[in-house]
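Down below is the structure, laid out as structure tokens.
Number of protein chains: 2
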Amino acid sequence: MKIALVGIGKIALDQHVPALEASPDWELAATVSRNGKVAGVPAYARIGEMLDAHPEIGTVSLCLPPVPRFLVAQAVLFAGRNLMLEKPPGATLAEVHILCDLAMAQGVSLYTTWHSRMAHAVAGAKAWLADCDIRSGRIIWREDVRKWHPGQDWIFEAGGMGVFDPGINALSILTEILPVPVHLTAAEIDFPGNRQAPIAARLQLGQNITADFDFRQEGPQTWDMEFQTDRGSLALRMGGNLLEIDGQRVGGQDSIMGEYPALYDRMARLVEQSASEVDVSPMVLVADAFTLGRRTTVEDFEF
Amino acid sequence: MKIALVGIGKIALDQHVPALEASPDWELAATVSRNGKVAGVPAYARIGEMLDAHPEIGTVSLCLPPVPRFLVAQAVLFAGRNLMLEKPPGATLAEVHILCDLAMAQGVSLYTTWHSRMAHAVAGAKAWLADCDIRSGRIIWREDVRKWHPGQDWIFEAGGMGVFDPGINALSILTEILPVPVHLTAAEIDFPGNRQAPIAARLQLGQNITADFDFRQEGPQTWDMEFQTDRGSLALRMGGNLLEIDGQRVGGQDSIMGEYPALYDRMARLVEQSASEVDVSPMVLVADAFTLGRRTTVEDFEF
């Protein structure tokens, strides 16, 4: 099946293009981007031009930042094409609800992807927790924004999400593996004095779960979550890729590859079945944190 | 039908108690509050005591501020009683989703009220706009917080919503009367230096609609919205109570009474039909504004 990729930046070149090149289902047939291109693939600067020129491309995948994405997404759906969205699926919850209604009205597939849910150990953790009572949980998601988003000022602009850009990956795993729905009860959010989006946040959730998100961690990076339950303890490490039960490693792989191939495989199955998969629960927790959180101003940040 | 009222503060005494006293459907059979009471009605300090003492009370109405409300709401639903929530229905979207699932599982009625939707001219405005293309819209919601929330510091605490406490009334009318769903595209939010919740906000929404919310308006108060359409102009004034078409008053009443009696009438019909009415779309727009909005620090505020 032919697919077009919109937004040829770092995440597209690092993850989406290799996943498509290795896929038995997809052929990358066009790109749309202001600057980026992929060698040997027809490139367009505007979504409308690509849609007009390629009626044979049935599916479009967007890896744009959240703020400029909505109008592009709407154009894809109005043109009757299937749509796959990089996380988070929009800058606002209301726009995702509108896209969802539009996809249903157009009879096309919509997939709001959460790549971290495809990490190696997530399914195993979900299966193990299914019969447990959660006593407490602790999420620690600390990474170096200079390493993972070098010079990407958009991430600190209003709507850019700041530290919730990686933090929402943790929340996407949490909402996938917990046997009960979770809600936010309190939050503290740290904004650099010269930025509109937070550099750190500490969340308190139901089921006695805490989350510690920080964009300022140099040296070793941490993407861990640990749960105490009535049946023992579970830890997911390496962003959902390693699973430990009662301190013993029982599954997963020491690698973060494989998430994007799994997303494109899932999208192929959705298109074949004319089905959609839309879940905004990680976005709801972030919006709730911005609504309910106490704001603190911290030291200015420059890349 | 017997009903209990929880949170005997200003809004309860000004609106809920008179509406219940005048209702042909309801008998106020108990209250729960730390301090407030209603003469001649059994009063309790804790929700659990009231629920245990009054198995004959089938319905509970909460007029607590949003942050402490969730645990009380959960207790009511776990006890198998119908639940009516003052706006906004929770401090977070996730908790309202959890309450909604719980009410369905318990087989009881849940009503997330939006009192401004019951203003006299809202239904007429909705009917008139149903066949229109909206060209532009302008909401101006400016009131004096010292007059309407005297000394209520909770409204400026984290989760207290600040100027979105009245602003969400405008958004509840907007989401009711528009013929198409609306989403937020940009926001500017003003926080007093000494407060955690905003004192003013300016929103940009789809369909070329703007909203101007301000808590600092002394003198005449303004709760207006105006729309330009392909079929002429419509204005709602006095918080949805007066309707003008092309500048001519065509409906409504110069009074803001009647909203709470209409809410309790609606709740009686929902209970009779074992039905629920849950709509979080005004909350979604506020959460989106907190997520997407540019924050500005403005002058400290004291009551």
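Sequence order for the protein chains is A and B.
Using the working numbering, the letters of the first sequence map in sequence onto residues 1 to 303.
Using the working numbering, the letters of the second sequence map in sequence onto residues 1001 to 1303.
The beta carbon of each residue, even a glycine, is placed where N, CA and C say it ideally should be.
query	result
Using a Cβ-Cβ cut-off of less than 9 angstroms, give me the residues of the region 105-122 of chain A that come near chain B, in sequence order.	none
Could you tell me how far apart the beta carbons of B:Ala1030 and B:Tyr1044 are, in whole angstroms, since I believe they sit closer than 8 angstroms?	6 angstroms
Quick check on B:Ile1134: does DSSP put it in helix, strand or coil?	strand
Does any residue of chain B have a CB that is nearer than 8 angstroms to the CB of A:Val250?	no
To which residues of the same chain is A:Thr229 closer than 8 angstroms at the C-beta, ignoring the five residues directly before and after it?	Leu129, Cys132, Asp133, Ile134 and Arg135
For B:Pro1282, which residues of its own chain have a beta-carbon under 6 angstroms away from its beta-carbon, when the five flanking residues on both sides are left out?	Ile1168, Leu1171, Ser1172 and Thr1175
Between which two residues does the alpha helix (DSSP H) containing A:Ile338 stretch?	With chain A represented from 1 up to 303, any question about residue 338 of chain A goes unanswered, as that position is not in the structure.
Along chain A, in chain order, which residues have C-beta atoms closer than 9 angstroms to that of B:Val1163?	Those do not exist, as B:Val1163 stays about 13 angstroms from chain A at its closest Cβ, beyond 9 angstroms.
I need the boundaries of the alpha helix (DSSP H) containing A:Pro192, first residue and last residue.	Taken as a continuous stretch (DSSP letters only), A:Pro192 belongs to no alpha helix (DSSP H), being part of the beta strand (DSSP E) at Leu184 to Pro192.
Would A:Leu174 pass as an interface residue toward chain B - the criterion being a Cβ-Cβ separation below 8 angstroms?	no
Could you tell me the distance, in whole angstroms, from the CA atom of A:Asn82 to the CA atom of A:Gly258?	23 angstroms
For A:Gln196, return the contacting residues in chain B, with the cut-off set at a CB-CB distance below 8 angstroms.	Arg1294 and Arg1295
Please report the residue range of the beta strand (DSSP E) in which B:Trp1223 lies.	Thr1222 to Thr1229
Decide if A:Ala197 is buried, meaning its Cβ has at least 16 other Cβ atoms within 10 Å, or exposed.	buried
At the level of alpha carbons, what is the spacing between B:Phe1070 and B:Thr1210?	32 angstroms
Looking at chain A, which residues of the region 1076-1106 of chain B have a Cβ within less than 8 angstroms of any of its Cβ atoms?	Ala1091, Thr1092, Leu1093, Ala1094, Glu1095, His1097, Ile1098 and Asp1101
Kindly indicate which residue of A:Met1, A:Arg34, A:Val38 and A:Glu272 has the alpha-carbon position closest to the one of A:Gln15.	A:Val38
May I have a chain-ordered list of the alpha helix (DSSP H) segments no shorter than 4 residues that lie completely inside the region 1078-1146 of chain B?	1093-1106 and 1122-1129
Would you mind reading off the limits of the alpha helix (DSSP H) that contains A:Ile177?	Phe164 to Ile177
Do B:Ala1079 and B:Tyr1264 count as a contact pair if the criterion is CB distance below 8 angstroms?	no
Whole-angstrom Cβ separation of A:Ala186 and A:Gln207, contact assumed at under 8 angstroms?	Actually they are not in contact, since the Cβ atoms of A:Ala186 and A:Gln207 sit about 14 angstroms apart, beyond 8 angstroms.
Considering only the beta carbon of each residue, do B:Ala1268 and B:Trp1026 sit closer than 8 angstroms?	yes
With DSSP as the reference, label A:Gln253 as helix, strand or coil.	coil
Is the CB of A:Phe156 under 8 angstroms away from at least one CB in chain B?	no
The alpha helix (DSSP H) with A:Ser281 in it runs from where to where?	Ser281 to Leu292
Could you work out which residues of chain A lie near B:Leu1285, taking near to mean beta carbons separated by less than 7 angstroms?	Ala94
Comparing the C-beta of B:Asp1279 with each C-beta of chain A, is any distance below 8 angstroms?	no
Compare the Cα-Cα distances from B:Ala1158 to each of A:Asp300, A:Lys2, A:Val298 and A:Arg294 and report the closest residue.	A:Arg294
Any idea if B:Ser1116 is buried or exposed, counting beta-carbon neighbours within 10 angstroms, 16 or more meaning buried?	buried
Where do the ends of the alpha helix (DSSP H) carrying A:Arg216 lie?	Looking at the DSSP string, A:Arg216 is not in any alpha helix (DSSP H), and its letter there is neither H nor E.
To the nearest angstrom, how far is the alpha carbon of B:Met1050 from that of B:Ala1075?	11 angstroms
Any C-beta of chain B sitting closer than 8 angstroms to the C-beta of A:Pro65?	no
Once the 5 residues before and after B:Arg1146 are set aside, which same chain residues still bring their CB inside 7 angstroms of it?	Phe1303
Helix, strand or coil for A:Val180? Go by DSSP, reduced to three states.	coil
Below 8 angstroms CB to CB, which residues in the same chain sit around A:Val298 once its five sequence neighbours on both sides are set aside?	Asp190, Phe191, Pro192, Gly193, Ile199 and Ala200
Measure the Cβ-Cβ separation of B:Val1284 and B:Leu1093 and say whether it is below 8 angstroms.	yes
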